[in-house]
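K.L.:
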Ligand SMILES: Nc1ncnc2c1ncn2[C@@H]1O[C@H](COP(=O)(O)OP(=O)(O)OP(=O)(O)O)[C@@H](O)[C@H]1O
Ligand SMILES: [Mg+2]
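Numbering (the working numbering), first residue to last: 869 to 1159.
#1: Look up residue 875 in the DSSP assignment and say whether it is helix, strand or coil.
#2: Determine the extent of the beta strand (DSSP E) in which residue 930 is found, giving its start and end residues.
#3: Suppose the cutoff is 8 Å on Cβ atoms and the five residues either side in sequence are ignored; what does the same chain contact list for residue 1105 look like?
#4: Whose CA, out of 994, 1125, 1035, 1122, lies closest to the CA of residue 951?
#5: When a residue counts only if its C-beta is closer than 5 Å to some heavy atom of ligand 1, which residues count, in chain order?
#6: Does the Cβ of residue 1014 have 16 or more other Cβ atoms within 10 Å, making it buried, or fewer, making it exposed?
#7: Do residue 1010 and residue 974 have their C-beta atoms within less than 9 Å of each other?
#8: Roughly how many angstroms lie between the CA atoms of residue 997 and residue 1039, to the nearest whole one?
#9: Give the range of the beta strand (DSSP E) segment to which residue 895 is assigned.
#10: If I'm right that residue 1085 touches residue 900 with Cβ under 8 Å, what's the distance once you round it to whole angstroms?
#11: Just to confirm before moving on: does the CB-CB distance between residue 1042 and residue 964 stay below 9 Å?
#12: Using DSSP bridges, identify the partner residues of residue 1148.
#13: Measure the CB-CB distance between residue 896 and residue 876 and report whether it falls below 9 Å.
#14: Give a single yes or no on whether residue 1041 has its beta carbon closer than 8 Å to a heavy atom of ligand 2.
#15: At a cut-off of 8 Å, would you count residue 1073 as near ligand 2, judging by its Cβ distance to the nearest heavy atom?
#16: Do residue 1028 and residue 1001 have their C-beta atoms closer together than 9 Å?
#17: Taking one C-beta from the segment 872-887 and one from the segment 913-933 each time, how about it: are there three or more such pairs within less than 8 Å?
#18: Under the three-state reduction of DSSP, which class applies to residue 1047: helix, strand or coil?
#19: Helix, strand or coil: how does DSSP classify residue 961 here?
#20: Consult DSSP for residue 870 and reduce its assignment to one of helix, strand or coil.
#21: Whose C-beta lies closer than 6 Å to the C-beta of residue 1127 among residues of the same chain, with five residues either side of it excluded?
#22: If I measure Cβ to Cβ from residue 936 and keep anything under 6 Å in the same chain, skipping five residues before and after, which residues do I get?
#23: On the three-state DSSP scale, how would you describe residue 1022?
#24: Please list, in chain order, all residues of the same chain as residue 1116 whose beta carbon is under 6 Å from its beta carbon, the five residues on each side excluded.
#25: Pull up the distance between the alpha-carbon of residue 1017 and that of residue 903, whole angstroms please.
#26: For residue 915 and residue 1092, which I take to be in contact (beta-carbon distance under 8 Å), what is that distance rounded to the nearest angstrom?
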């Protein structure tokens, strides 16, 4: 059953100085199931953070609808939204200083959201924080403060903080933007493990293409629109065999993502072979001369 649904989401910002409307989202359609690990991949300015802020109930769309479980998020009152953010959403940002309180230990950071929610006793909070830090491989870093942790460790602590109140969904905005390759893969590994072990729904927005093959659903966003769906061929990382759904505009223009063009050696021309109702795109190498 669909768990998260965005229907025709539009978000216009008004530029402060010029008063010009900036369309950040231009009709987003999105759906995810409970327990999905979804990546939304797009370049800078494509609307990723805007989308996260809307789903998190931090900001409101200009029009359109967001549904999470049995809540129509776009119809919640300000008061209901506060509860929604606190209990149903776990957030993870790119910069550790946005996720963690700098002078608190890793343990106290994970306990903090539980303390604010006021549902568990102190000893229950401690027990849960210990378990969550263990889940992200940081059981030996409980007493460390954020500045005593590596970038990857700080981000893993951030994941534990996001999970503290057992949210329905964890929303991550560019969670590996500051990290090197090895650390990025480790973070992706923890997203996958937590997703599989806890059945938790994760939505990650990123410019990092490496998320495409590591999630069970990867979508592409460009200029405030969903332009493609990347389908994992199997659960293993498969670079040589992949399928991708791409956007075709009203004029027949295709948008082929950069990494696919690079991988397939597509330059300025492709040959389209049509057979038995299938159209195969074949890269044409070298220049095409005018006849
Ligand atoms: N508060 C704002 N006021 C005006 N325009 C904004 C505002 N916030 C975002 N925008 C514009 O909306 C568009 C989408 O921005 P958004 O921050 O969602 O992109 P993004 O994909 O998260 O980019 P990045 O990868 O750089 O974080 C951009 O054109 C941006 O300039
Ligand atoms: Mg952003």
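Where is the CB? At the ideal position from N, CA and C, for every residue including glycine. Quantities reported herein were computed from a predicted structural model and do not represent experimental measurements.
P.N.:
Reading from the atomic positions:
#1: strand
#2: Note, residue 930: premise wrong, no beta strand (DSSP E); not H, not E.
#3: Annotation note: pLDDT 42 at residue 1105 (below 50); position unreliable, no value reported.
#4: 1035
#5: 881, 890, 892, 912, 913, 914, 915, 916, 917, 918
#6: buried
#7: yes
#8: 19 Å
#9: 889-901
#10: 7 Å
#11: no
#12: 1141
#13: yes
#14: yes
#15: yes
#16: yes
#17: yes
#18: coil
#19: coil
#20: strand
#21: 1077
#22: 872
#23: helix
#24: 1122
#25: 30 Å
#26: 4 Å
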